[in-house]
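All remarks here apply to the structure that follows.
There are 2 protein chains.
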Amino acid sequence: MLKIICSKASLQKSINISLRAVPSKTTMNILECVLVDASSNKIRFITNDMELGIETIVEGNIVEKGIVALDAKLFSEIIRKLPDDDVSISVDDRYTTQITCGKANFTIPGRSREDFVYLPILEKDDVLTISQFTLREMIRQTIFSIAVNESNRLMTGELFEIKDNILRLVSLDGHRISIRRMPLKRDYKDHKVILPGKTLNEIMKILVGDVDESVNIYFTENHILFETEDTMIVSRLIDGDYFRIDQMISNDYETHIRVNRRVFLECMDRSTLFAREGEKRPIILSTLENQLLLHIDSSLGSMNEEFDIEKEGKDITIGFNPRFLMDALKVIDEDEVDIYLVNSKSPCFIRDFEEKYVYLILPININNPS
Amino acid sequence: MLKIICSKASLQKSINISLRAVPSKTTMNILECVLVDASSNKIRFITNDMELGIETIVEGNIVEKGIVALDAKLFSEIIRKLPDDDVSISVDDRYTTQITCGKANFTIPGRSREDFVYLPILEKDDVLTISQFTLREMIRQTIFSIAVNESNRLMTGELFEIKDNILRLVSLDGHRISIRRMPLKRDYKDHKVILPGKTLNEIMKILVGDVDESVNIYFTENHILFETEDTMIVSRLIDGDYFRIDQMISNDYETHIRVNRRVFLECMDRSTLFAREGEKRPIILSTLENQLLLHIDSSLGSMNEEFDIEKEGKDITIGFNPRFLMDALKVIDEDEVDIYLVNSKSPCFIRDFEEKYVYLILPININNPS
Chain A
59 MLKIICSKAS
69 LQKSINISLR
79 AVPSKTTMNI
89 LECVLVDASS
99 NKIRFITNDM
109 ELGIETIVEG
119 NIVEKGIVAL
129 DAKLFSEIIR
139 KLPDDDVSIS
149 VDDRYTTQIT
159 CGKANFTIPG
169 RSREDFVYLP
179 ILEKDDVLTI
189 SQFTLREMIR
199 QTIFSIAVNE
209 SNRLMTGELF
219 EIKDNILRLV
229 SLDGHRISIR
239 RMPLKRDYKD
249 HKVILPGKTL
259 NEIMKILVGD
269 VDESVNIYFT
279 ENHILFETED
289 TMIVSRLIDG
299 DYFRIDQMIS
309 NDYETHIRVN
319 RRVFLECMDR
329 STLFAREGEK
339 RPIILSTLEN
349 QLLLHIDSSL
359 GSMNEEFDIE
369 KEGKDITIGF
379 NPRFLMDALK
389 VIDEDEVDIY
399 LVNSKSPCFI
409 RDFEEKYVYL
419 ILPININNPS
Chain B
59 MLKIICSKAS
69 LQKSINISLR
79 AVPSKTTMNI
89 LECVLVDASS
99 NKIRFITNDM
109 ELGIETIVEG
119 NIVEKGIVAL
129 DAKLFSEIIR
139 KLPDDDVSIS
149 VDDRYTTQIT
159 CGKANFTIPG
169 RSREDFVYLP
179 ILEKDDVLTI
189 SQFTLREMIR
199 QTIFSIAVNE
209 SNRLMTGELF
219 EIKDNILRLV
229 SLDGHRISIR
239 RMPLKRDYKD
249 HKVILPGKTL
259 NEIMKILVGD
269 VDESVNIYFT
279 ENHILFETED
289 TMIVSRLIDG
299 DYFRIDQMIS
309 NDYETHIRVN
319 RRVFLECMDR
329 STLFAREGEK
339 RPIILSTLEN
349 QLLLHIDSSL
359 GSMNEEFDIE
369 KEGKDITIGF
379 NPRFLMDALK
389 VIDEDEVDIY
399 LVNSKSPCFI
409 RDFEEKYVYL
419 ILPININNPS
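So the sequence lines, in the order shown, correspond to chains A and B.
Each residue of the first sequence is one higher than the one before, counting from 59 in my numbering.
Each residue of the second sequence is one higher than the one before, counting from 59 in my numbering.
Structure follows, in structure tokens:
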């Protein structure tokens, strides 16, 4: 039966990727396993939680071909605690597995591949190739506004859309919308799918490559496949029609302000002291000439602050959840940001000129103090 | 009323020290306050959770003398989120407190000092002066074996003893005893007190000075006082007679082994994978010539390992909780450690020649596999 020899480092790298598709709680024991597959000329670790599946190639030598399913968490903890040396993994015909490194020897039970659920085999036509860095950034810059609550399943995912050779990621939670757009370098077929938030979170952590390293993305009716040199990630899609975003976006405004992002962000951060869970007090923004006055009031105390801005249009007073402003300000790269406002009851739009990003945030109704 | 100006950095340093005597849960609201006392020519922050009290001097200028009690956590969070600049704190006659830094202004309610419980005033005779580094190290090297369970209050503290000009710290939890000894440089009166574990944990975090910085320690009947240049820490003592440690310590042995600390520690760490909560499986150590054979067996799997040791005396097989061995091995500085054993039912002693440290660990009864 199976015998392989790999360095501790390569085992650790691969099992850390595999763990991302191991559920923390499940009634199906086999889902907690990693399938160590050395049945061909490559060593593969395969994990599958039925929504997300990962197959990754492990560097190492196959002494004897074979397959075994091992408890993924125990296996990963053993690997982690081994000395930094070559590790031999060998399995007998009852799937009992020996893991040996230096003078340390572990014996753990293994299982046959019989119950293991392999990844679905997908048709690979029409590939989208982008850099891992870009994909990771676009996810990071939108993922914060998916809904945590499961009551509307569509909101727990993100729209992943190719249209007119522009890739667009969109998330919304009923209080705000986050949009990132990127023009693609060649012609692509249009696609419009909804990815689960969990998948996107794991993708961010697995695809750590930089601008030079690319990922191939394939679409099928029910799945999406992300493929790098050594790893395949397959995710189910969320079924349904996503919200009609474009109807919610408007370019009209009465007031346009330009603020220093860092100054605004730090002020919002301070104001959250008075916007704790339960009380949900708004931060009230008022423009006055070229000053932005900020005020928040709660049972704990109050805060006032002001700073210089550039302003165009009429003065306005409007209230927001400071955390929503912070979330958007945190993921914008530019030093100065443009905010467009209509009135105290209409959403604000934070967007750049080319609309690489658009963040819509609904205001909190305030008793207008003016 | 009170008005002071301090840098953000000095406020932050001082409030972080003060917070260590602010209880996380209390029915007495005033205990959650820090008393900002600028009634004399120094600014002091005072906190007191009735077991531990801290008074620390804050660098800054007094513009107007006064005293106010502020919610310590809110005050510390405000300070933390301020820009790195001078901070002005001013209080009106209703104790409303303005905290201003740059363009940011906070208003929070304050309280009079009326209900505040000041630190007890202690007689300062007979000082013990040692380096902050030494005290911190001696605590770190013993604190892990106090009992967490409150059922025996004496075990939740440490013996802090001066006898024949030797300072000794002792902790025990029913399974093990940890002892650190340090000869003192001049003649001291004997003292024998029991300090609460919480106090010792906070002392470790507050006294961050190195070998050159000293701490003065004073004893009274019910309290101990630690005093540095800018901070006073007063703790209640635990009432009672500590266990008679010296009767439990023996220098007899049948087997003496010398092991490489790091090798032993890493092996113990690996074995904890099979000694999880609930199962509490022992690691079984067997000497064979100049080899130490280690074995642990559980429902999850098993581990074997062996490494070279120096040995004197007869061979032995004995089982331990690997975590207890790890805890002691982690805090020993030496590369090689000496372990003394009698038989499989008697405690092992890990100690150096001068007995600067002694760690006693009780074995776990095993069905002797030999």
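For every residue, glycine included, the Cβ atom is placed at its ideal position computed from N, Cα and C.
A quick note: this is a predicted structure, and the numbers were derived from the prediction, not measured.
Looking at the backbone, the Cα of A/Asp143 and that of B/Phe322 are separated by about 17 Å.
Closer than 8 Å at the C-beta level to chain B, one finds these residues of the segment 345 to 360 of chain A: Leu358, Gly359 and Ser360.
Remark: three or more beta-carbon pairs, one from each stretch, lie closer than 8 Å, so the segment 258 to 273 of chain B and the segment 182 to 193 of chain B are flagged as touching. For the pair A/Val185 and A/Tyr276, the CB atoms are nearer than the 7 Å cut-off.
In the structure shown, B/Met361 adopts extended strand secondary structure according to DSSP, grouped into three states. In terms of Cβ geometry, B/Leu253 and B/Glu216 form a close pair [threshold 7 Å].
Chain-order list of chain B residues neighbouring A/Lys388: empty, with the shortest C-beta distance near 15 Å, by a criterion of under 7 Å.
One alpha carbon belongs to B/Leu227, the other to B/His249, and they sit about 12 Å apart. Within chain B, the residues whose beta carbon sits less than 7 Å from that of A/Arg328 are Lys139 and Ala162, listed in sequence order. Among the residues facing chain B, A/Ile166 is included, as its CB has a counterpart in that chain under 7 Å away. Excluding sequence positions up to five before and after A/Tyr417, its CB lies within less than 6 Å of the CB of Ser236, Ala386 and Ile408, all in the same chain and listed in chain order. Secondary-structure assignment with DSSP links A/Asn163 through a beta bridge to A/Thr158 and B/Asn362.
Of all residues in the segment 261 to 292 of chain A, none is placed with a Cβ closer than 8 Å to any Cβ belonging to chain B. Inter-residue distance for A/Leu93 and A/Ile224 is about 38 Å (C-alpha atoms, whole angstroms). Close partners of B/Phe378 in chain A (Cβ separation under 8 Å) are lacking, with about 18 Å as the shortest Cβ gap. A distance below 6 Å between beta-carbons, with the five flanking residues on each side excluded, links A/Ile197 to the following residues of its chain, in chain order: Leu258 and Met262.
Contact of B/Phe407 with chain A is not assigned, every C-beta pair being separated by 7 Å or more. DSSP places A/Lys221 in the strand class (E or B) of the three-state scheme. For A/Asn274, the pairing in a beta bridge is given by DSSP as A/Thr187 and A/Glu285. Contact between the segment 292 to 306 of chain B and the segment 376 to 396 of chain B is not established, with fewer than three Cβ pairs separated by less than 8 Å. Against chain B, the beta carbon of A/Glu135 has neighbours under 7 Å at Leu331, listed in chain order.
In this structure, DSSP gives A/Thr200 a state outside helix and strand, which the three-state scheme calls coil. When the alpha-carbon of B/Met59 is set against those of B/Ile112, B/Ile147 and B/Glu122, the nearest one is in B/Glu122. Closer than 7 Å to the CB of B/Glu90 there is not a single CB belonging to chain A. The beta carbon of A/Leu420 is closer than 6 Å to those of His233 and Pro405 in its chain, skipping five residues each way along the sequence.
Judged by DSSP in its simplified three-state form, B/Ala333 adopts coil rather than helix or strand.
Shown here, A/Gly267 sits in coil according to DSSP, grouped into three states, outside any helix or strand. Contacts between B/Leu132 and chain A, judged by CB atoms closer than 8 Å, involve Leu331, Leu358 and Gly359 in chain order. Excluding five sequence positions before and after A/Asn348, the CB atoms of its chain that fall closer than 8 Å to its own CB belong to Asp366, Ile367, Glu368 and Lys369, given in chain order.
Under a criterion of Cβ atoms nearer than 7 Å, the residues of chain B adjacent to A/Asn362 are, in order, Asn163.
A straight line joining the alpha-carbon of A/Glu324 with that of A/Ile315 spans about 17 Å. At a cut-off of 7 Å, the C-beta of B/Phe365 has a neighbouring C-beta in chain A.
Around A/Glu324, the beta-carbon contacts reaching into chain B at under 8 Å are Lys139 and Pro141. Taking the CA atoms as reference points, A/Ser344 sits about 39 Å from B/Ser97.
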